[in-house]
Every structure is written in C-alpha cells, then in structure tokens.
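Peer 1: Once you know that position 150 of the sequence shown is 1010 in this note's numbering, the rest is easy, because the numbers rise by one and skip nothing. In this text, a Cβ means the ideal position worked out from N, Cα and C, and glycines have one as well. Predicted model, so just to flag it, every value in this text is computed and none were measured.
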Amino acid sequence: MNRGQYFIGKWAMMLLMVAVLFACKSANVSTVGPDAKWSTGQIIRAHNQAQGEFTTLTARAQLTLDNDNKKQKVSLTLRMQHKDTIWIKASVFGVTLAKGLLTPDRVQLYESLSKTYFDGSFDAVRQWLGLSLNFDQLERLLLGQSIVPLAKSMGHTVHQDTYRVGPTLLRENWTFSTEIRPQDFKIAQVDLVQKEPLQTLRITYPSYTSGDLVSPEEIVMTSKGAQANTTIEVVLKNIEYGGKLRFPYAVPQGFKKINLAP
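#1: How do the region 1091–1104 and the region 912–928 stand: do at least 3 beta-carbon pairs fall below 8 Å, yes or no?
#2: Would E999 be called buried (16 or more neighbouring beta carbons within 10 Å of its own) or exposed?
#3: Which same chain residues, not among the five before or five after T1090, have their C-beta less than 6 Å away from its C-beta?
#4: Thinking C-alpha only, which one of S1006, R986 and Y1109 is nearest R905?
#5: Quick one: which unbroken alpha helix (DSSP H) runs of 4-plus residues sit fully inside the region 889–932? Chain order, please.
#6: Just the C-alpha distance for A1048 and A896, rounded to the nearest angstrom, thanks.
#7: To the nearest angstrom, report how far apart G980 and S972 are at their CA atoms.
#8: With a threshold of 6 Å on Cβ separation, who are the neighbours of E1078 within its own chain once the five nearest residues in sequence on each side are excluded?
#9: By a C-beta neighbour count over all protein chains shown, 10 Å radius and 16 as the cutoff for buried, is P1108 buried or exposed?
#10: Roughly how many angstroms separate the alpha carbons of G1102 and Q941, rounded to a whole number?
#11: On a Cα-Cα basis, can you pick out the residue from A1086, K959, V985 and I1092 that is closest to I1063?
#12: Following the continuous beta strand (DSSP E) through E971, name the residue where it begins and the one where it ends.
#13: Could you check which residue in F1045, K949, W898 and Q997 has the C-alpha nearest to that of R1106?
#14: For S1037, count neighbouring Cβ atoms within 10 angstroms of its own Cβ and tell me buried if that reaches 16, exposed if not.
#15: Beta carbon of P894, beta carbon of P1042: below 9 Å?
#16: Go ahead and pull the three-state DSSP assignment for F978.
#17: For I1079, decide whether its Cβ has a neighbour in chain D, counting only Cβ atoms nearer than 9 Å.
#18: Let me know the secondary structure DSSP gives S1083 once reduced to three states.
#19: Could you check if L1120 is buried or exposed, using at least 16 other CB atoms within 10 Å of its CB as the buried criterion?
#20: For G1015, which three-state DSSP category applies?
#21: Classify E1056 as helix, strand or coil using the three-state DSSP reduction.
#22: Cα separation between D1021 and W1034?
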C-alpha cells in the first residue's frame, strides 16, 4: 500500500466507523440484570423493538486514535439525515484533515495530508475491510442495534451483566458474537474474529444517552492484526435533533483518486 492509500485507508475506516455515533445526555447506570428465564427469541424481539428513529441530527465529537502507541486527537463534526446522508468533517485546530459524504449507494472521502480521495461504493469498502458493510448497517450501529441479523439458532448465554448472543460464523469467515444490555436491550459489545489471517475487532459502548431515543454516547473500537493494533475512542460533546441540514462536499483541486485495495 502506498502512502496515499495508507492515509485514505486510515481515514476511511475512522470516518465510516465514527459516522455511526452520536449522543446527548448520559443515561443513568441501571441495576437491571439479565433474566435467566428469557429465551433467545425473546431477547432478539426486545432488541429489535428497542430501535429508535430520528430525522436529522448534528453533533460534535472528540476522537482519539491510538495506532501502535502513536496517539492522535481529532475533532469531528457530524451531520446526518436518517436513511439518506451521513456527512463527516475531521479537523485539528480548525484545519480540515478529511471529509466524508455517505449515501446508501455511494461513499465519498478525501484526506488533506496525502491529497487523495475515494469515490466508490460500499462494496469497494467491504472488499477493503474484508467485512460486510452498508449504509443500513451504519445506521443500525448508530442506534446501538446489531449490524448482523440475529436468529434464535445463534443461541445465547448470560455473561456477567449482559445477554451474549452467538458466536456464529459469517460469510466473510468472521466469527460474530454480541452482548446485549438487559436494561434497554441495546448493544453493549460486539466481537468479530477472523482466524486466517488472524484479526480481531471489538466494539464496546461504555455509555448510552437517556430520553426518548436511547443511543450510543461513547464508543471504543479495538482492532488487532498481524501488522498493527489500533484503538479508536470517541466521546460525543453535544447533539441537536431536527432542522434542515446542508452537506457541503467538494474534492479540492489537485487531489488524486485512489482505490481501496484489500
């Protein structure tokens, strides 16, 4: 991978993953524990019913990237229109480092340091990540919902203070399991493991918002592989719902288009 692909690849992963996060007020810590009498089907139905809805939102966030003990902090601005558009800007001290514009059938990203940009489909991103990813899955992550359809055949166990559904093998040779909070049936943790080549991705949601729409407030993503270990931590500062939004996006002149090669 050349330098341009490295930069755009890193920012593509960050922007795509961070695009799914937002928050408002912190939810109180609940003392509700798992009920051992609940069946897998009951847990899945409760989880599916817990999905919230929104029309538009804007939010600001602080992202910390730790790549093999090299830390970098970035400010993020998010704008979203439900089922239609996700817009992200990453900046440091007011200087734009990257922008992303995502719609159900198109992914556009540019990164200023390498002067490179990507314009393609979610399928290209899927091939680069080696993991299924589409716009609907991003929105489900946004609401603390499972990105993998859950089925009774996956089974479940009570794990500490959560319901653990899975593990189950996905088509891309990843093993998937997820932990669900009993107090609101939102996702507490996701684990994805690929044996050949060995890669792991853990996504945890330390806290959620309170109110009519319960949604992720903080997220920590830890990716481990043969070549690098990366941790991404995101903390949301504030959020506003509703209103008409603009999604300005234009690739600066002189930037070079690249492909997200696996």
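Peer 2: Working from what's here:
#1: yes
#2: buried
#3: N927 and S1083
#4: S1006
#5: 900–909
#6: 18 Å
#7: 18 Å
#8: P1066, S1067 and V1095
#9: exposed
#10: 9 Å
#11: I1092
#12: R966 to E971
#13: K949
#14: buried
#15: yes
#16: strand
#17: Of the chains in the structure shown, none is chain D; there is only one protein chain.
#18: strand
#19: buried
#20: coil
#21: coil
#22: 25 Å
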